[in-house]
Amino acid sequence: MSVRINDRVTWVGKTDWELRRFHGDEYSTHRGSSYNSYLVRDEKTVLIDTVWRPHAKEYVEKLKQEIDLNEIDYIVIHHGEVDHSGALPELMKEIPDTPIYCTAQGVKTLTGQYHQDWNFVPYKTGDTLDLGSRKLIFIEGKMLHWPDSSFSYLTEDNIFFSNDAFGQHISSELMFNDLMDSCELMQEAIKYYANILTPFSKQVQKKLEEILALNLPIDMICPAHGVIWRDNPMQIVEKYSQWSSGYQEDQVTIFYDTMWENTRLMAHALKDGIVSADRGLTVKLYNVAKTDKNDLMTEIFKSRLVLAGSSTVNNGLLSGMGSILEEIEGLRFKNKKAMCFGSYGWSGESVKLLNERMEKAGFEVIHEGIRTIWTPDTAAMEEIRAVGRQLAEEL
Ligand code: FEO
């Protein structure tokens, strides 16, 4: 089904209600997602992005119901990742000579994946595609989040086609932000930023400045995933500006892995200590073995302070904690403090190792950490609560 966005723009994408894991198994999509493709009709007709490969046949069949494919003058592929370019092979069987506009890096990405000698037209920032009464202006978005990423702006309609930027993994038939539950929408938007764009925050800042300096009026932002921002579209630009500048809320996140419950007891004592300080901090606590990794990264992204815990096993960390630390290191969070804790029976290396890993991940480790041998007794629990209280007071 296609959806009319305005007199000239029609959404011809795919809403994927049943998607629960994305990027292989890397990203959880509790609310599904969509792959947004747009048809812009002027004197010339341009198709912007396609959909993920598994939906290619369905996409092309539905596109044929919307338009005679031979009436498509140009195709724009903002970014070659398969969730946006995956239907190209199916589509190009039908219209093999149609020019494909993309960045120079996009040509490499697309030929590297599809090995086809299509009619590529590389563009740079500021290049335009004349559609008749309006133009598409291209803007490169290198490393947002791939080297080939780019955006375009449709004059007269003042629409910014932002590809992955400003997206959310949400499936909805409602299509527009003002029709959505705003809490759900922002929760998915921040999760998307935290898990996909955090490592590129410097580039996000620079690109936002560059785009804002163009002084283009923006009436609508059409991303490649999720709903379209048409009610106060600059709200998501403002959010990206905040999220890309060492974002934090008044939140402390405790996450741990435990073998025989002793590190779990420590985590809860820390939480109780922070709460008892009554400093208005939001405290959240997660056992990493029972927690969705991407949801946890979102909570860490929102935090001022994180408390990371693991029991010692085989002179090291529990493996569940190891994989979480790997993810944290990759996301390169900024402006965050950490303290580590863990129980042990004899060797007790976990806290030292956690401190090293958190420092390597760019966290400021503000306390040497707490180690407890075997099960913390009443006195040890009180000491741990006291550390929690002190951390909250000093934050
Ligand atoms: Fe939605 Fe980078 O692909």
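Heads up: the sequence shown begins at 18 in this note's numbering, then just goes up one per residue. Quick reminder that beta carbons are idealized off the backbone N, C-alpha and C, glycines included.
May I ask you to report which of helix, strand or coil DSSP gives residue i?
i	result
Lys-141	coil
Asp-85	coil
Ala-325	strand
Met-192	coil
Glu-381	strand
Thr-32	strand
Arg-406	helix
Leu-233	coil
Asp-274	strand
Gly-359	strand
Gly-41	coil
Gln-268	strand
Gly-123	helix
Asp-289	helix
Thr-67	coil
Asn-279	helix
Arg-374	helix
Trp-260	helix
Phe-350	coil
Lys-224	helix
Phe-183	coil
Ser-364	coil
Thr-115	coil
Lys-159	coil
Near residue i, what residues of its chain come up, given a Cβ to Cβ distance below 6 Å and the 5 sequence neighbours on each side ignored?
i	result
Arg-296	Ala-409
Tyr-131	Pro-106
Ala-104	Thr-67, Val-68, Ala-73, Tyr-76
Met-318	Position check: residue 318 holds Phe in this sequence, whereas Met was assumed. Same-chain partners within the cutoff: Ala-211.
Ile-22	Trp-28
Tyr-52	Gly-30, Lys-31, Val-68, Trp-69, Asp-100
For the putative contact between residue i and residue j, defined by C-beta atoms under 8 Å, what is the C-beta separation to the nearest angstrom?
i	j	result
Lys-353	Val-382	Between Val-382 and Lys-353 the Cβ distance is about 10 Å, and since that is not below 8 Å, they are no contact.
Thr-145	Glu-157	Contact flag wrong, Cβ pair sits at about 14 Å.
Met-276	Leu-313	Not really, about 19 Å apart at Cβ, beyond 8 Å.
Asn-175	Ile-235	6 Å
Asp-195	Asp-248	4 Å
Lys-301	Gln-268	7 Å
Gln-185	Ala-206	5 Å
Ser-50	Asp-33	5 Å
Glu-177	His-95	Residue identity differs from the one stated: residue 177 is Phe in this sequence, not Glu. The Cβ separation is near 11 Å, so there is no contact.
Give a single yes or no on whether residue i has its beta carbon closer than 8 Å to a heavy atom of the ligand FEO.
i	result
Gly-347	no
Ala-241	yes
Ser-166	yes
His-96	yes
His-72	no
Asp-181	yes
Gly-297	no
Gly-143	no
His-132	no
Asp-100	yes
Trp-163	yes
Gly-41	no
Gly-184	yes
Excluding five sequence neighbours on each side, which residues of the same chain lie with their C-beta closer than 7 Å to the C-beta of residue i?
i	result
Glu-344	Lys-310, Met-314
Met-338	Asp-274, Val-305, Ser-327
Met-283	Gly-326, Phe-358, Ser-360, Ile-387, Thr-389, Pro-393, Ile-401
Glu-98	Trp-163
Glu-83	Ser-19, Thr-27, Val-29, Leu-56
Met-375	Ala-325, Ala-355, Cys-357, Val-382
Met-197	Ser-189, Leu-191, Val-244
Apart from the five residues just before and just after residue i, which ones in its own chain have a Cβ nearer than 8 Å to its Cβ?
i	result
Leu-161	Asp-181, Ala-182, Leu-214, Phe-217, Gln-220, Val-221, Lys-224
Thr-299	Glu-266, Asp-267, Gln-268, Val-269
Arg-406	Gly-290, Ile-291, Ser-293, Ala-294
Lys-377	Glu-346
Requested in this report: Would you check if there are 3 or more beta carbon pairs closer than 8 Å linking the stretch 244-256 to the stretch 285-302?
Outcome: no
Query raised in the report: Are three or more beta carbon pairs between the stretch 258-273 and the stretch 370-378 nearer than 8 Å?
Result: no
**Report entry** Given 8 Å, three or more beta-carbon pairs between the stretch 382-400 and the stretch 356-365
**Finding:** yes
Query raised in the report: On the three-pair Cβ rule with 8 Å, is the stretch 52-66 touching the stretch 81-91?
Result: yes
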